[in-house]
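Step one of this worksheet: look at the structure below.
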Amino acid sequence: MSRSYYEASARERLAGVVDAGSFHEFVPPAARVTSPHLAQLDQPVAFDDGVVVGRATLAGRPVLVAAQEGGFLGGAIGEVHGAKLLGLIERARTERPAALLFLFDSGGVRLHEANAGLVAVSELIRAILRARRDGVRCLGLIGGAGGCFGGTGLIARCCDRLVMSEEGRLAMSGPEVIETARGVEEFDSRDRALVWRVTGGKHRYLLGEADRLVEDDVDQFRAAAADLLDSEAGLTLAAVEREHARLQQRWQRFADCDDAPEIWQRLGVDNPAEVPLLPLDQFLAVADGCRSAP
Amino acid sequence: MNREQLLPQLFGKTWKPTQSAENFFLGSGEVGTEAGAETVQVIGTAGAAEVGVDLALAMAGAVLDTMRRHPGRAILFLLDTQGQRLRRRDELLGLNGYMAHLAKCVEIARSRGHRILSLVYGQAVSGGYLTTGMMADACYALADAEIKVMNLPAMARITKIPLERLEALAQQSPVFSPGVANYRRMGHLLEVWQGDLAACLGTALHRPLEDDRRSALGRERGGRQCAETVAERVRAHA
């Protein structure tokens, strides 16, 4: 039976992505480790501060895994939430699991504790890149209802590989933030089709920002993550130089584009207007022939 | 302080610009240290620059260029930025991917023995700061600089908490209110620079290198009481 990844909670996603019954949580809700900053703003706390971390197996191999709960303050990163992720990344450097898995679902820095959140995001970026230098394979999954924005969008792009669903959204500033700052003409955040064209999985896959595109289904995310356990890992000067050339080329080719279909057309998609409507298999048949490889 | 005032204070007459645009500048300068004069490569933003795809790419290019042409030379980010550019076009191209790329370039430079320092001399706001200055081995700011995620009115609008409430709490809580002193208490800024800036830079260039210990510093200074303990509990959990 297929289960929607988008609609599942963090704990449901996590349970479905790793091997059944294999998850062991670190600092679980029973430990009552909550944010010390929310009470002064009369905000409720969560006993996991919006992120679940622990160890499990995936296809029989050991992984360390984190899942953010978009239903709690947008999955945003505060002091405790960030520290749980940081501890997990540092742990991966000594334990050397087959992968460090992130089930992202987060709008970025938690404003109620903005300074602690911003510093935490910067610590996470540094820690992930440091772990990658040591060869820790970092995989990110993006398909939750909260999307992956702001500081979390940066953290995600620091991973080795990303798996997205069409419903997943990945960007720096969210459409609402841009609309508030620049007006509805710049970005109409209520235009769902526009939001998905710009930030959604299909565009990110065509652009080479995501490595795999799957259906909105927990089992498909699981299969893609398992498949990537043997992907190349590491962070080297040569790889970063290649990325630089790709990003430079993207800027040169598409800097004057105003909407995603213009980019898809230039990539060589015959009928860009159809892209949002194509079922996944047909989309991949089109996209794999012309997309920018990550 | 603006860059025209800052650069002479840091480098005197040794400052050699190689690129100077309205919002972006590159160059090198010499700093006197105990071990003699040392050359520092500067990557700077100015005029409250917004960091879009083009600027992130230019800074990444400057880091890669420093690795090629001046192996091992210290890199100093001098920052005045209002944050990431809020445009649909930049998001369409994957702005977060460009910014993350810049962070990767800095990490590679660090791994190849380049010391990475950053100084906020104007303002530093969220996305414009995360993958530039916040990537440094040690982060500094001038006392009259400003560091923030966003201003309190915008924060009030998004969190739906009344502005008066936030303003009142900001007086006693370092955790969400903008300011250099708060980022020092969080453990993020190692020091706030005042007085002889060239001497501050000279000292910074010869501090012993260490892993990221901002969580520990945040605890020592009382700004982040939990971060270090919680991370340690996750590391040690059986």
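So the protein sequences, as listed, match chains A and B.
Taking our numbering, I'd label the letters of the first sequence as residues 1 to 294.
Taking our numbering, I'd label the letters of the second sequence as residues 1001 to 1238.
Heads up, the beta-carbon is just placed ideally off N, CA and C, and yes, glycines get one too.
* Asked: Under 9 Å between C-beta atoms, does B:D1144 make it to chain A?
  -> no
* Asked: Which residue from A:I263, A:G234 and A:A39 puts its Cα closest to that of A:C158?
  -> A:G234
* Just how far apart, CA to CA, sit B:A1181 and B:K1148? -> 11 Å
* Since B:P1071 is in the alpha helix (DSSP H), which residue starts that stretch and which ends it? -> No alpha helix (DSSP H) contains B:P1071, which DSSP labels as neither H nor E.
* To do: Reducing DSSP to helix, strand and coil, say where B:Q1171 ends up.
  => coil
* **Residues in the segment 1181-1204 of chain B having any Cβ partner in chain A nearer than 8 Å** => N1182, Y1183, M1186, G1187 and H1188
* Asked: What number of angstroms, rounded off, separates the C-alpha of B:S1020 from the C-alpha of A:H203?
  -> 35 Å
* Count the other C-beta atoms from every protein chain shown that fall within 10 angstroms of the C-beta of B:Q1123, then say buried if there are 16 or more, exposed otherwise. => buried
* Asked: Tell me which same chain residues have a C-beta within less than 7 Å of the C-beta of B:L1217, skipping the five on either side of it?
  -> G1187
* Should the segment 141-157 of chain A be regarded as contacting the segment 258-278 of chain A, the criterion being three or more beta carbon pairs within less than 8 Å? -> no
* Exposed or buried, which one is A:S231 when buried takes at least 16 other CB atoms within 10 Å? -> exposed
* Asked: So with Cβ pairs under 9 Å, would you call A:N271 a contact of chain B?
  -> no
* **Cβ of B:I1043 within 9 Å of any chain A Cβ** => no
* C-beta neighbour in chain B for A:E90, strict 9 Å -> yes
* Between which two residues does the beta strand (DSSP E) containing A:G54 stretch? -> V51 to L58
* Asked: Got a sec, what are the start and stop residues for the beta strand (DSSP E) B:E1146 sits in?
  -> E1146 to K1148
* Alpha-carbon spacing of A:L141 relative to A:L170, whole angstroms -> 11 Å
* Based on the DSSP secondary-structure assignment, which residues constitute the bridge partners of A:C148? -> A:S106 and A:L170
* Asked: Ends of the beta strand (DSSP E) at B:Y1250?
  -> This structure cannot settle anything about residue 1250 of chain B, because the visible part of chain B is limited to 1001 through 1238.
* Asked: At what residues does the beta strand (DSSP E) containing B:F1011 begin and finish?
  -> Counting along the chain, B:F1011 falls outside any beta strand (DSSP E), though it belongs to the alpha helix (DSSP H) covering R1003 to F1011.
* Which residues mark the beginning and the end of the alpha helix (DSSP H) in which B:Q1225 is found? -> Counting along the chain, B:Q1225 falls outside any alpha helix (DSSP H), and DSSP gives it neither H nor E.
* Asked: So is A:H37 buried or exposed if we call it buried at 16+ other beta carbons inside 10 Å?
  -> buried
* Considering only residues of the same chain and omitting the five flanking positions on each side of A:A225, which have a CB-CB separation below 7 Å? -> V17, L58, L101, L139, L141 and V163
* To do: Measure from the C-beta of B:S1111 to each C-beta in chain A and report whether the shortest distance is under 9 Å.
  => yes
* Asked: For chain A, is any of its Cβ atoms less than 9 Å away from the one on B:I1108?
  -> yes
* To do: Starting from A:S4, follow the alpha helix (DSSP H) in both directions and report where the run begins and ends.
  => Per DSSP, A:S4 belongs to no alpha helix (DSSP H) and is neither H nor E.
* Asked: Between the segment 1165-1178 of chain B and the segment 1197-1217 of chain B, are three or more C-beta pairs nearer than 8 Å?
  -> no
* Leaving out five residues on either side along the sequence, give the residues of the same chain with a beta carbon under 7 Å from the beta carbon of B:C1105. => A1060, V1063 and L1064
* Measuring only between beta-carbons, confirm whether B:E1091 sits less than 9 Å from chain A. => yes
* Rounded separation between A:C257 and B:A1046 - CA only -> 27 Å
* To do: Starting from the N-terminal side, write out each stretch of the alpha helix (DSSP H) that is 4 residues or longer and does not extend beyond the segment 1031-1079 of chain B.
  => 1053-1069
* What does A:M172 reach in chain B if we use C-beta pairs closer than 8 Å? -> Q1084, D1090, E1091, L1095, N1096, M1099 and G1127
* Asked: For B:W1193, which of helix, strand or coil comes out of DSSP?
  -> strand
* Contacting positions in the segment 227-258 of chain A - beta carbon closer than 8 Å to chain B -> L235, T236, L237, V240, E241, E243, H244, L247, Q248, R250, W251, F254, A255, C257 and D258
* Asked: Would you call A:H24 buried or exposed, if buried means 16 or more other Cβ atoms sit within 10 Å of its Cβ?
  -> exposed
* Within-9 Å CB hit, B:F1176 to chain A -> yes
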